[in-house]
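Going by the working numbering, 101 is the number at position 103 of the sequence shown; the sequence numbering is gapless.
The beta carbon of each residue, even a glycine, is placed where N, CA and C say it ideally should be.
Below you'll find the structure, written out as structure tokens, and then a few comments.
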Amino acid sequence: MKYLLQGLTMGLAYVAPIGLQNLFVINTALTHKKSRAFLTAFIVIFFDITLALACFFGIGTIMEKSKLLEMGILFIGSLVILYIGIGLVKAKGMLNNSTDVNIPLIKVVTTACVVTWFNPQAIIDGSMMLGAFRASLPKGEGLKFILGVAFASCIWFIGMTIFINCFSNRITEKILRIINVVCGIVIIFYGIKLFYNFIQMVT
């Protein structure tokens, strides 16, 4: 249960910051019917989870084969996580109403795929964060952790769609700013934890 909750909190902190996927879901929920908004959320969830699985099991498996690589990824991964967290704390929440969401369903699918799978930064960040965490988990606990990450994606995108549909007239940039700060603090906490794991391996 501990590692499921750890994956859930890490997953929420990773997925919640306001990026391209979130803006697309937010703007769809603000401008379309509920059915289209939820369908968009499910499409984004699918690509988000598949990328998380690839990052976690891909780089994580490679790291298990080499202690030196594991140490390197833990070190670099902790720095990347701290950098992302600090960047989120400093970032301003911007609600971009100019995003084009009035597009055919097939384009929603391809756009979600491209934003996720063809975004080098997303792949690098995901590999560093999730891959590094796999290296720090006890054997047999990885599945619980990644299930928590997958649940976080579902909870976040579906919850965000429901919330925006109910309170669309109250969404402000200040709220988005608060979300980024909270998520940044959580990510910084996990970055420090990974760096501590690296120090323990070295000493």
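Using a Cβ-Cβ cutoff of less than 7 Å, which residues in the same chain neighbour residue i once the five nearest sequence positions on both sides are dropped?
i, result
"F193", "S76"
"N163", "A27, K32 and A35"
"L51", "I144"
"C152", "I43"
Within a Cβ cutoff of 6 Å, which residues of the same chain sit near residue i, ignoring the five residues on either side of it in sequence?
i, result
"G110", "It is worth fixing the name first, because residue 110 is Ala in this sequence and not Gly. I41, V42 and F45, listed in sequence order."
"Q198", "none"
"A11", "C181, V184 and I185"
Please classify residue i: is it buried, with 16 or more other beta-carbons within 10 angstroms of its beta-carbon, or exposed?
i, result
"S166", "exposed"
"I79", "buried"
"I82", "buried"
"I104", "exposed"
"P136", "exposed"
"G189", "buried"
Out of the options, point me to the one whose CA is closest to residue i's CA.
i, options, result
"S64", "T29, Q19, I197 and A130", "A130"
"W106", "G9, A133, K191 and F22", "It is Val, not Trp, that sits at residue 106 in the sequence shown. Checking every option, the nearest Cα to that of V106 belongs to F22."
"V13", "G138, L37, G140 and V147", "V147"
"V87", "I177, K191 and M158", "I177"
"I47", "T159, F155 and F73", "F155"
"Q4", "N195, K142 and M158", "K142"
"V179", "A39, I84, G124 and T159", "I84"
Please return the same chain residues whose Cβ sits closer than 8 Å to the Cβ of residue i, not counting the five positions on each side in sequence.
i, result
"F196", "M69, L72, F73 and S76"
query: Quick one: complete alpha helix (DSSP H) runs, 4+ long, within the stretch 123 to 148?
result: 130 to 134
- prompt: Enumerated in chain order, which unbroken segments of the alpha helix (DSSP H) with a length of 4 residues or greater are wholly contained in the stretch 64 to 92?
  reply: 65 to 88
- prompt: Does the count of Cβ pairs from the stretch 66 to 73 and the stretch 168 to 179 closer than 8 Å reach three?
  reply: no
message: Give the list of continuous alpha helix (DSSP H) stretches no shorter than 4 residues that lie fully inside the stretch 23 to 64.
response: 32 to 63
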